[in-house]
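Sequential numbering of the sequence shown, starting at 200, is according to our numbering. For each residue, glycine too, the CB sits at the ideal point set by N, CA and C. Every value quoted in this text rests on a predicted model; they were computed, and no experiment measured them.
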Amino acid sequence: MPLSVLMTTEGTYPYAAGGVSTWCDALIRNTPDVRYILLPIMMNPHIEMKFEPLANIRRIVNVPLWGIEEPSEFRTGTPFAELYERKRGTREDDVASRFVPLFRRFLACVNEAGADPAAFGQVLLELEDWFRAHDYNVTMKSAPVWDLFRTTMEAFSDLPTLFDLTECLRWLYRFLIVLDVAPPRTSVTHSTAAAFCGIPCITAKLRHGTPMILTEHGVYLREQNLFLSRFRRLFFCKQFLLNLITAVVRANYHFADVVSPVCHYNTRWELAHGVPQQKIRVIYNGVDPDVFAPAPRVAGAPLHVVATARIDPLKDIETFLRVAARVRETHPAVRFTVFGAVADRDYYDLCLALRRELRLDDAVTMGAATSDVVGAYRDADVVLLTSISEAFPYSVIEAMSCERAVVASDVGGVREALEDCGILVKPRDDAAFADAVVRLLDDAALRARYAGRARRRVLDELRLDGSVHAYLELYRELGEERAAA
């Protein structure tokens with residue numbers, strides 16, 4: 200019987216570009232004998248696919264969180280008559296007597312930040328059972344649910360405002376939509392983040408005993424902490440969201456049979472939140488060195504510093520711009536380009552304003568992705584990464600494979616990828632970044648030494664086929680254990 204895998208994603212494959220999506224596409228493409236069902240959690244149902252569905256993807260169960268009036272709009276395979284009867288049969292007295300006790304347990308787990316992940320997983324399963332027989336929209340918008348949420352949260356915290364309470368329940372309504380989905384059974388489940396997309400994997404583990412793999416690219420909990428730190432108000436809402444996210448993360452860690460982070464750096468977070476060492480198997484990302492192959496730059500072309508990064512606060516494009524300004528003081532002919540889509544429009548506008556302030560409009564190009572990422576690396580003299588958070592970034596190992604010198608933030612697993620094949624800099628230190636870039640631009644022999652070592656490291660240790668083989672062996676191991684059981 201062929202292996203089948205439920206792969207769950209959140210804000211990434213197949214509807215967005217980026218490292219996680221690159222990893223998903225490469226893994227699925229290079230395991231043609233595995234049958235995949237995708238469950239992508241997406242912002243809204245109108246997003247266009249960035250990746251064409253591959254032949255071994257048998258089904259896509261889309262879960263849009265926004266842009267819909269109610270979850271039943273996107274459900275497929277359930278007759279309208281059944282949905283109508285479910286809605287009509289969801290009565291307020293049943294919600295009060297049967298759902299509210301479940302919801303009370305759920306809120307208790309959230310307010311404890313998932314201190315008991317086994318109990319949190321069990322209540323997620325029971326909530327999913329409820330929504331398989333009752334209407335999600337009617338339930339979550341009922342008076343008993345609001346009354347319980349208000350009284351519970353007022354008892355938990357000092358005087359949240361009415362706005363705080365309605366905002367938090369509105370967010371909860373959206374984030375829990377994944378519980379209204381019934382994905383088919385598979386041999387194995389594979390969540391690509393310790394996030395809400397892992398919930399169907401948790402409930403499949405409890406309902407059917409399906410083995411669960413969790414791959415952490417970035418550390419979801421760390422990145423959400425960084426994101427929430429940007430909020431300057433709504434302190435109650437920040438605390439509620441952080442507790443909810445922490446509970447979900449810990450449940451993912453608890454129920455996963457194998458946690459496979461893409462670098463050793465991530466393991467410190469996983470161990471700190473209760474993952475036993477024996478459950479952790481680090482699997483580095485890999486690239487195809489025949490695709491990401493070196494080629495000489497055009498003779499006589501101006502020196503060029505390149506970043507392949509989306510426009511997002513985590514990528515710290517502001518530091519990239521400040522580095523460009525410093526380098527241009529002594530090297531006015533150097534060009535700078537950021538190849539990457541705009542992920543955060545407000546942040547992009549902030550970066551455009553900074554570019555104008557630094558008088559770099561003619562020196563720095565940014566705001567658009569490229570269809571030829573290999574060509575982008577080949578056109579670079581130096582590849583620059585200024586992120587404040589990373590895991591094991593493709594932008595680094597792809598540049599290494601293309602035999603380019605790299606200057607990168609010393610964050611996450613970047614040190615593990617780059618080792619002695621490039622220059623590491625403390626994040627946000629634009630002066631140190633600029634010094635490193637200038638050193639490489641002024642010394643072609645030094646650039647070549649770093650670039651050559653980088654290419655050899657990819658050939659020896661960071662090949663795509665090795666990474667894919669490790670995941671395939673994991674699928675087979677867990678799938679065969681499940682079949683035997």
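{"query": "Since Glu618 and Cys462 are thought to touch, with beta carbons under 8 Å apart, how far apart are those beta carbons, to the nearest angstrom?", "result": "With 8 Å as the limit, Glu618 and Cys462 do not qualify as a contact, their Cβ atoms being about 12 Å apart."}
{"query": "Out of Arg496, Asn261, Cys620, which has the shortest C-alpha to C-alpha gap to Ala579?", "result": "Arg496"}
{"query": "Considering Cα atoms alone, identify which of Val418, Ala630, Lys249 is closest to Ser588.", "result": "Val418"}
{"query": "Which class does Leu364 belong to by DSSP, given the choice of helix, strand or coil?", "result": "helix"}
{"query": "Following the continuous beta strand (DSSP E) through Tyr547, name the residue where it begins and the one where it ends.", "result": "Note, Tyr547: premise wrong, no beta strand (DSSP E); alpha helix (DSSP H) at 544–556."}
{"query": "Taking the continuous alpha helix (DSSP H) assigned at Ala307, which residues delimit it?", "result": "299–310"}
{"query": "Taking the C-alpha atoms as reference points, what is the distance between Cys223 and Tyr212?", "result": "7 Å"}
{"query": "Let me know the secondary structure DSSP gives Leu237 once reduced to three states.", "result": "strand"}
{"query": "Taking only runs that begin and end inside the region 586–652, name each unbroken alpha helix (DSSP H) of 4 or more residues, in chain order.", "result": "593–600, 613–617, 629–641"}
{"query": "If I follow the unbroken beta strand (DSSP E) through Thr209, where does it start and stop?", "result": "According to the sequence provided, residue 209 is Glu. The question's Thr does not apply to it. Here the beta strand (DSSP E) through Glu209 covers 203–209."}
{"query": "Mapping DSSP to helix, strand and coil, what is Met248?", "result": "coil"}
{"query": "If we ignore side chains and look at the alpha-carbon of each, how far apart do Gly210 and Leu440 end up?", "result": "18 Å"}
{"query": "Run through the region 355–406 for me and flag every whole alpha helix (DSSP H) of 4 or more residues, listed as ranges in chain order.", "result": "361–374"}
{"query": "Please determine if the region 631–647 and the region 511–530 are in contact, where contact requires at least 3 C-beta pairs separated by less than 8 Å.", "result": "yes"}
{"query": "Going by C-alpha to C-alpha distance, which of Arg285, Val522, Arg449, Glu602 sits closest to Gly574?", "result": "Glu602"}
{"query": "Among Ile482, Ala307, Pro263, Asp543, whose alpha-carbon lies nearest the alpha-carbon of Ala446?", "result": "Ala307"}
{"query": "Just to confirm, are Ala508 and Gly539 a CB contact at a threshold of 9 Å?", "result": "yes"}
{"query": "Report the three-state DSSP secondary structure of Leu520 (helix, strand or coil).", "result": "helix"}
{"query": "Just reading off the beta strand (DSSP E) that Arg258 is part of, what are its end residues?", "result": "256–259"}
{"query": "According to the neighbour-count rule (16 or more other Cβ atoms, all chains shown, within 10 Å of its Cβ), is Phe305 buried or exposed?", "result": "buried"}
{"query": "How would you write the range of the beta strand (DSSP E) that Leu583 sits in, first residue to last?", "result": "581–584"}
{"query": "Distance check for Val504 and Val624, CA to CA, integer angstroms please.", "result": "16 Å"}
{"query": "Helix, strand or coil for Val481, going by three-state DSSP, please let me know.", "result": "coil"}
{"query": "What is the DSSP secondary structure of Gly539, reduced to helix, strand or coil?", "result": "coil"}
{"query": "Quick one: Cα of Ile246 to Cα of Tyr372, how far?", "result": "21 Å"}
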